[in-house]
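*Asks:* Here the numbering used here is used: the first residue of the sequence shown is 536, the next is one more, and so on. Ideal placement from N, C-alpha and C gives every residue a C-beta, glycine not left out. Handing you a structure now.
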Amino acid sequence: MTEAGSQGFRGRLAVVTGGGSGIGAQVATLLAARGAEIVIADVNQDSARAIAKRIGATARAVDVRDRDQVADLFGSLARAPAVLVTCAGGASRRAALAVDEALFHDTFDLNAGGFWRCTQEAARRSIAAGTALSVVHLASSLHRGPAPELSHFSAAKAASVALVRCFAQELAGEKIRVNAVIPGPVETAATTPIWDARPGLREALAAKLPLARIGQPIDVAPAVVWLASDEAAWVTGAVLNVDGGLDVAP
Ligand SMILES: NC(=O)c1ccc[n+]([C@@H]2O[C@H](COP(=O)([O-])OP(=O)(O)OC[C@H]3O[C@@H](n4cnc5c(N)ncnc54)[C@H](O)[C@@H]3O)[C@@H](O)[C@H]2O)c1
Numbered sequence: 536m537t538e539a540g541s542q543g544f545r546g547r548l549a550v551v552t553g554g555g556s557g558i559g560a561q562v563a564t565l566l567a568a569r570g571a572e573i574v575i576a577d578v579n580q581d582s583a584r585a586i587a588k589r590i591g592a593t594a595r596a597v598d599v600r601d602r603d604q605v606a607d608l609f610g611s612l613a614r615a616p617a618v619l620v621t622c623a624g625g626a627s628r629r630a631a632l633a634v635d636e637a638l639f640h641d642t643f644d645l646n647a648g649g650f651w652r653c654t655q656e657a658a659r660r661s662i663a664a665g666t667a668l669s670v671v672h673l674a675s676s677l678h679r680g681p682a683p684e685l686s687h688f689s690a691a692k693a694a695s696v697a698l699v700r701c702f703a704q705e706l707a708g709e710k711i712r713v714n715a716v717i718p719g720p721v722e723t724a725a726t727t728p729i730w731d732a733r734p735g736l737r738e739a740l741a742a743k744l745p746l747a748r749i750g751q752p753i754d755v756a757p758a759v760v761w762l763a764s765d766e767a768a769w770v771t772g773a774v775l776n777v778d779g780g781l782d783v784a785p
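What follows is the structure in structure tokens.
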């Protein structure tokens, strides 16, 4: 098998949003190890720079909620990206009746809007260049709901999955594949403080999973890399659970 036919990414430009931490940092690390040229686009410039330095990537301070910043990112790339991984996401916890307009809109803007904006801008670049693009979006097992104190996040992730499927259908004829990975509970900077603050929660979550443990970023990143690679050339519109079996939990 040729390198292009395997999971090789040599000569390919990959943009990873939210690549400064957690799953995104692990995805960027694996893609770099497989030869991709990486741009880490993260609102947290310090962490983006730290990861970029470690793996030989470029860090860009970008807030994916902001159209101008996203357009500037993709407009200023030296060439069209071959891979876009949208990991930037998250939400603060709030009881359903306490979610206000600002939190509701901000959560949608980040978790659904971030995918929407970045994919539009990346796709315009790749269509103009006539090159192929593979987009992989990080949604969440919570997109199915119910999710205590995370109704806004659950709904935003559900919207993001709908967008993935719509974009996959509309862009298939443009050499663009669009897929989603659905992580279950994964130990990252987003979850560690919550689980540390509630003794027993981590163990309770692990006990719900058929594979009986919380995930680590390295449990999720290889699936993302596979979807981004030519090995997944016949895969688009997929919504892939990488969740310790949560979706089939008894
Ligand atoms: N950790 C989990 O248990 C879990 C489970 C399901 C889904 N997910 C999803 O996976 C993705 C990655 O999660 P993680 O746990 O690695 O999170 P993380 O908090 O470790 O990393 C998220 C990164 O996104 C960046 N970011 C946040 N807002 C941004 C913005 N507006 N613009 C650009 N960058 C921004 C952060 O600075 C951070 O570097 C998220 O979309 C999250 O919702 C995580």
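#1: For P681 and D641, I'd like the C-alpha separation in whole angstroms.
#2: Indicate the three-state DSSP secondary structure (helix, strand or coil) for S764 in the structure shown.
#3: Are the segment 687 to 705 and the segment 750 to 758 in contact at 8 Å, needing three or more beta carbon pairs?
#4: Quick one: using the 10 Å Cβ neighbour count with 16 as the cut-off for buried, is V783 buried or exposed?
#5: Go ahead and pull the three-state DSSP assignment for D778.
#6: At what residue ranges does the segment 665 to 707 contain a whole run of the beta strand (DSSP E), taking only runs of 3 or more?
#7: Considering only heavy atoms of ligand 1, does any lie closer than 8 Å to the CB of E722?
#8: To the nearest angstrom, how far is the alpha carbon of D778 from that of Q604?
#9: Just tell me which of L612, A647 and A739 has its CA closest to the CA of A549.
#10: Restricting to Cα atoms, I'd like to know which of I717, I711, F650 and R629 is closest to T621.
#11: Buried or exposed: which applies to D731, given that a residue is buried once 16 or more other Cβ atoms fall within 10 Å of its Cβ?
#12: Can the beta-carbon of A756 be found less than 9 Å from the beta-carbon of S556?
#13: Please state the DSSP three-state secondary structure of A594.
#14: Could you tell me the boundaries of the beta strand (DSSP E) in which E572 lies?
#15: Quick one: what's T552 bridged to in DSSP?
#16: Following a CB-centred definition, is S556 positioned closer than 8 Å to any heavy atom of ligand 1?
#17: Could you tell me the distance, in whole angstroms, from the CA atom of L565 to the CA atom of R660?
#18: Could you compute how far the alpha carbon of A773 sits from the alpha carbon of N646?
#19: Does the beta-carbon of T552, which I'm using as the reference point, lie nearer than 8 Å to any heavy atom of ligand 1?
#20: What residue range is occupied by the uninterrupted alpha helix (DSSP H) comprising P728?
*Replies:* From the atom records:
#1: 20 Å
#2: coil
#3: no
#4: exposed
#5: coil
#6: 668 to 673
#7: yes
#8: 32 Å
#9: L612
#10: F650
#11: exposed
#12: no
#13: strand
#14: E572 to D577
#15: A576 and T621
#16: yes
#17: 24 Å
#18: 18 Å
#19: yes
#20: T727 to A732
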